[in-house]
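This is the structure in structure tokens:
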């Protein structure tokens, strides 16, 4: 039996509140052998107190050795097997600029490029135009029309934009038109089935029209398109768990991921303090709250160990504002590790603490990677975190008699 | 998504070197309650040093409670789910005598038996002939011909031999001809499908011919055949992981298993020292090195606790020769446990250490069963060891964006 069907069968409704606080890229590594990780280094009295009363473990975002992107990392935490539910690159790019993709959409990543008089690419990134120029060029392409479809052309930055085609029966098994080399023309799009060929035809029309409207705009005088992705079919948290779920995130991509699984995306402000204030305000209106904190990832990506320590400490200082609301279940975890030492996402398991009145507390007294190894949740696949949350919230009935 | 497809999707090539050192049957048990295992008893300063810098865990070869043979034990370590990839007994027997089985082969285990004038079996093992006689009898059977096929008859020892039939369209769903009792004639072979019936017909012809050429050779005057197995279809390590892989093993069966997954089987000499010298010589030519050490298993099978301790200590003294080559990932593990106390393979999880610059070191300071229980790899299914090796070697890209 599928995990989601099991949840649908066992779920019970009550008035409990679940908070999932995701510190992006939370897990780390010591910089030197024998040293401490960022989280172990940080002074985190509030997280430590939560740890003493809660139950800890290490979350495997996907499988041993697999480093997730933000999409799979979050899908796992939301209870979706990231190997089953895949979000295409075009959709993620659209989510990342806060474009409201929907079920009739195919989203595509676009690049401006430079072509010569013969139509051959001389620069695959069009000399990296400014973002201002990118916005201007997108405005030109917004004039393009394709009968029977809606088109959206949205700037990302520099040479990058997003194209969304909205229509019925559009497939996404379409080849990239970027030939990955110069000296040749952009490729034609082709689809492997009827639905995808419909998309490919629209794309070829769009690319030709783009060359027409950009004709005088060298070096940004042509486009390549790649990462074709249809809006994924995902049952919502409401469907599966019966939860009214709210997302309180600052960055567009995480808002978008939350919207994909049916969360209400709330206006969160710009700081963690603003997010806490939003949480307080809407506390009575939802059952489940996803709070996203970006900076533990971005400082790790920068390779800035002390900064990562500092942003974790800042998160710790805000934790009492969550606890003051008396959630029934409070989980603090990450979507993956981002060790400053590696300056990138990694496969290392992610420290996790779950607090609830019904948790079986373990002997862990500090929130850190080495400590969580001895926690009561053990090493678990992230996709099981939601069933643990539901259980601790008293929202799951007995399986079988 | 299938783990191998995921590896194909994510793998990246680089110049890293991975060494997988398999101490066969490494795991053990104390002889007395409260005592130490063989590995815990052994003085292993080099393994302990590796453990302090690496990350440890316990490998489950198949599933909890399942004792693997050498085939499934090694397939798991090579990244193949041993419940999906099965190697038939005939093929294993052929590998064990270093017979070079190939994709058109069906391999079969043969026994000499004794039949009376009425053709009924009086001794299922033909009075356990000497191995010299076995060789001689096989030579007689090598005269047998079957039109359209190649036949190979190879001695194993005493009453045992291997028969390999090479041809097109041969199936292996064929019943054993050994009736498992005396007083009856050997059974006829039958196949459950056309391809297997083709094999069965050949087998019946072979068995009749064998009785003819062995007629005057009582007690070795007939044969039974069992364990029909076709050469398994297995994607190679090169296909899946992009690794140029070399096997440095002494015993034929392990060489054969390595060849099945596409490793180059190198001339390894006879001692561990010879194996280390081979490793050094070919270091630049491969990405992945499988080193097999047999004696931790054979001493365990003998129930010789002190001997197992000693061979583990001998392995430890050679470890610096591997480390001197500066591998990027060095793993020491076993394919299963072979406790001296049980004198057999067992299901107990296998102590494992993985060393790499990017590993998240744990608090384990000695290499042993009790210590590995607290290691950062936790208890993991052996089939995930290759993805962990690939990740730590920097050979896996991010999953999803």
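Chains as they are written, first to last, in the numbering used here: chain Z, 27 to 427; chain Y, 27 to 427.
The C-beta atom is built at its ideal place from N, Cα and C for all residues, glycine as well.
Note that the structure is a prediction, hence the values are computed from the model and not measured.
Distance between residue j and residue i (C-alpha atoms, nearest Å)
{"i": "residue 98/Z", "j": "residue 185/Z", "result": "26 Å"}
{"i": "residue 108/Y", "j": "residue 102/Y", "result": "6 Å"}
{"i": "residue 372/Y", "j": "residue 259/Y", "result": "27 Å"}
{"i": "residue 178/Y", "j": "residue 218/Y", "result": "24 Å"}
{"i": "residue 396/Z", "j": "residue 124/Z", "result": "37 Å"}
{"i": "residue 213/Z", "j": "residue 320/Z", "result": "37 Å"}
{"i": "residue 79/Z", "j": "residue 334/Z", "result": "25 Å"}
{"i": "residue 188/Y", "j": "residue 252/Y", "result": "10 Å"}
{"i": "residue 190/Z", "j": "residue 128/Z", "result": "10 Å"}
{"i": "residue 412/Z", "j": "residue 57/Z", "result": "32 Å"}
{"i": "residue 266/Z", "j": "residue 32/Z", "result": "9 Å"}
{"i": "residue 240/Y", "j": "residue 131/Y", "result": "25 Å"}
{"i": "residue 87/Y", "j": "residue 226/Z", "result": "47 Å"}
{"i": "residue 302/Y", "j": "residue 341/Y", "result": "11 Å"}
{"i": "residue 298/Y", "j": "residue 338/Y", "result": "12 Å"}
{"i": "residue 120/Y", "j": "residue 401/Y", "result": "38 Å"}
{"i": "residue 316/Z", "j": "residue 111/Y", "result": "41 Å"}
{"i": "residue 247/Z", "j": "residue 141/Z", "result": "7 Å"}
{"i": "residue 157/Y", "j": "residue 181/Y", "result": "8 Å"}
{"i": "residue 405/Z", "j": "residue 47/Z", "result": "19 Å"}
{"i": "residue 93/Z", "j": "residue 403/Z", "result": "21 Å"}
{"i": "residue 172/Z", "j": "residue 273/Z", "result": "35 Å"}
{"i": "residue 360/Y", "j": "residue 275/Z", "result": "46 Å"}
{"i": "residue 215/Y", "j": "residue 344/Y", "result": "50 Å"}
Sequence-distant residues of the same chain with beta carbon closer than 8 Å to residue i, five excluded per side
{"i": "residue 39/Z", "result": "268 and 421"}
{"i": "residue 74/Y", "result": "391, 392 and 393"}
{"i": "residue 154/Y", "result": "184 and 185"}
Within chain Y, the residues that residue i reaches when beta carbons sit closer than 8 Å
{"i": "residue 147/Z", "result": "Under the 8 Å cutoff, chain Y gives no residues; its nearest Cβ is about 24 Å from residue 147/Z."}
{"i": "residue 55/Z", "result": "384 and 386"}
Any non-hydrogen atom of the ligand NAP within 7 Å of residue i CB
{"i": "residue 254/Y", "result": "Absence of the ligand NAP is noted for the structure shown, with no ligands found whatsoever."}
Under 9 Å by beta carbon: chain Y residues contacting residue i
{"i": "residue 93/Z", "result": "36, 417, 422, 423, 424 and 425"}
Cβ-based neighbour list, residue i, same chain, cut-off 6 Å, excluding 5 preceding and 5 following
{"i": "residue 353/Y", "result": "43 and 45"}
{"i": "residue 286/Z", "result": "260"}
{"i": "residue 312/Y", "result": "270 and 272"}
{"i": "residue 263/Y", "result": "269, 271, 287 and 288"}
Under 9 Å by beta carbon: chain Z residues contacting residue i
{"i": "residue 392/Y", "result": "The premise fails here: residue 392/Y is roughly 16 Å from chain Z at the closest Cβ pair, so nothing lies under 9 Å."}
{"i": "residue 27/Y", "result": "109, 110 and 112"}
Partner residues on chain Z for residue i, Cβ-Cβ distance less than 7 Å
{"i": "residue 414/Y", "result": "90 and 91"}
{"i": "residue 79/Y", "result": "59"}
Same chain only: Cβ atoms within 7 Å of residue i, ignoring 5 sequence neighbours per side
{"i": "residue 235/Y", "result": "170"}
{"i": "residue 427/Y", "result": "none"}
{"i": "residue 67/Z", "result": "335"}
{"i": "residue 375/Z", "result": "53, 84, 85, 86 and 405"}
{"i": "residue 163/Z", "result": "138, 240, 243 and 246"}
{"i": "residue 257/Y", "result": "117, 127, 128, 129 and 131"}
{"i": "residue 175/Z", "result": "191, 192, 193 and 228"}
{"i": "residue 331/Y", "result": "57, 64 and 366"}
Residue i: contacting residues in chain Z (beta-carbon distance under 8 Å)
{"i": "residue 410/Y", "result": "89, 90 and 91"}
Beta-carbon neighbours of residue i, restricted to chain Y and to distances below 7 Å
{"i": "residue 405/Z", "result": "404"}
{"i": "residue 195/Z", "result": "Under the 7 Å cutoff, chain Y gives no residues; its nearest Cβ is about 26 Å from residue 195/Z."}
{"i": "residue 399/Z", "result": "388 and 402"}
{"i": "residue 395/Z", "result": "386"}
{"i": "residue 98/Z", "result": "425 and 426"}
Discussion item. Extract the residue ranges of the beta strand (DSSP E) inside the region 40-107 of chain Z, only unbroken runs of 3 or more that lie entirely within it.
Written reply: 44-49 and 81-86
Worksheet item: Taking any Cβ of chain Z, which residues in the region 375-392 of chain Y have a Cβ under 8 Å from it, in chain order?
Response: 384, 386, 387, 388 and 389
Worksheet item: Taking the runs of the beta strand (DSSP E) that are 3 residues or longer, which of them lie wholly in the region 202-242 of chain Z?
Response: none
Discussion item. As an exercise, report each continuous beta strand (DSSP E) stretch of at least 3 residues that is fully enclosed by the region 147-184 of chain Z, in chain order.
Written reply: 147-149 and 176-183
Item to complete: Could you please tell me which residues of the region 103-118 of chain Z, in chain order, have their CB closer than 8 Å to any CB of chain Y?
Response: 108, 109, 110, 112, 113, 115 and 118
Worksheet item: Which residues, in order along the region 285-298 of chain Z, keep a beta-carbon less than 9 Å from a beta-carbon of chain Y?
Response: none
Worksheet entry | Interfacial residues, the region 222-236 of chain Z to chain Y, with Cβ spacing under 7 Å | none
Worksheet item: Can you give, in chain order, each stretch of the beta strand (DSSP E) that sits fully within the region 249-318 of chain Z and has at least 3 residues?
Response: 271-274
Worksheet entry | Positions along the region 361-373 of chain Z whose CB lies within less than 7 Å of some CB in chain Y | 368, 371 and 373
Fill in: Uninterrupted alpha helix (DSSP H) stretches inside the region 310-376 of chain Y (no shorter than 4 residues)
321-327 and 331-349
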